[in-house]
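In what follows, a structure is listed as structure tokens, so that the remarks can point back to it.
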């Protein structure tokens, strides 16, 4: 009887040791996977991303996701159509539609090879279209539409939104986006955004500030109506409220 009890104790001890080893191994694998994921989904250029995020009201994780999809964090990337840098901004788009809105009125497109300027330009451009669909189409979260405009151009997205087979009142059907490149691009960015949220936590903006891109649109509209430089309007808004519509003066 004694040898049997000893054998059972040894077997029980062995099972416990095996269980502990298995748990440790599984934990090690989970840690290793997380480490690999953080390498695959890095948060490079963090200060530049956070600055652009605060300035234009775009979630940091979404900016990281766009950068990963556009250039995989390569500052010197140039596409076959000439888009430049981390967020693949076209030189003509930068010169005609972006630079004056981000304080770079006289800058040449070469600055798009610089991380700070490129991230500001790309984030502004995304925020511009996000605000457009949010206001004009009254969409609660037009991330898909803004991404599609960022990739395929606004005129194409306008046409798609007029087609009942491609969209409804909520917005575009992602799987029905006609351009394969744009369809896969939108899906890829959304997937990357989910990965970043899972790894680092959701980064929803809750500052109460409005996007500078949106503010500039109104500054330009009313500035033209009343013959006031919109940059002066922006400077006053920034000095008085830091783009926070709920700000209340203490005086």
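In the numbering used here, the protein residues as written are 27 to 277. Cβ coordinates follow ideal geometry from the N, Cα and C atoms, glycine included. Remember, predicted model here, so these are calculated numbers, not experimental data.
Enumerate in chain order the residues of its own chain whose CB-to-CB distance from residue i is below 7 Å, with the five nearest sequence positions on each side excluded.
i: residue 105; result: 114
i: residue 215; result: 91, 92, 95, 173
i: residue 128; result: 146, 147, 150
i: residue 109; result: 115, 116
i: residue 222; result: 67, 87, 90, 91
i: residue 176; result: 151, 152, 155
i: residue 101; result: 111, 112, 139, 141
Figure out for me which residue from the options has the closest Cα to the Cα of residue i.
i: residue 225; options: 84, 74, 90; result: 90
i: residue 205; options: 228, 263, 173, 135; result: 173
i: residue 155; options: 170, 43, 66, 111; result: 170
i: residue 180; options: 157, 101, 191, 190; result: 157
i: residue 178; options: 192, 159, 160, 211; result: 211
Can you list, in chain order, the residues of its chain whose CB lies under 8 Å from that of residue i, leaving out five sequence neighbours each side?
i: residue 64; result: 225
i: residue 131; result: 125
i: residue 260; result: 238, 241, 242, 245
i: residue 163; result: 171, 187, 197
i: residue 97; result: 103, 111, 112, 113, 114
i: residue 263; result: 241, 245, 269
Per DSSP, what kind of secondary structure is residue i in: helix, strand or coil?
i: residue 148; result: helix
i: residue 268; result: coil
i: residue 228; result: coil
i: residue 192; result: coil
i: residue 179; result: coil
Skipping 5 residues on each side, what residues in its chain have a beta carbon closer than 6 Å to that of residue i?
i: residue 81; result: 238
i: residue 209; result: 203
Whole angstroms is fine: what's the gap from residue i's alpha carbon to residue j's?
i: residue 183; j: residue 194; result: 13 Å
i: residue 67; j: residue 218; result: 8 Å
i: residue 78; j: residue 69; result: 14 Å
i: residue 121; j: residue 84; result: 22 Å
i: residue 220; j: residue 254; result: 43 Å
i: residue 144; j: residue 118; result: 14 Å
i: residue 258; j: residue 190; result: 43 Å
i: residue 213; j: residue 167; result: 15 Å
i: residue 137; j: residue 252; result: 33 Å
i: residue 44; j: residue 228; result: 37 Å
Less than 7 Å between the CB of residue i and some heavy atom of the ligand ZN, yes or no?
i: residue 268; result: Of the ligands one can find in the structure shown there are none, so the ligand ZN has no counterpart to examine.
### Message
Extract the residue ranges of the beta strand (DSSP E) inside the stretch 60-129, only unbroken runs of 3 or more that lie entirely within it.
### Response
Given a length threshold of 3 residues, the stretch 60-129 has no whole run of the beta strand (DSSP E) inside it.
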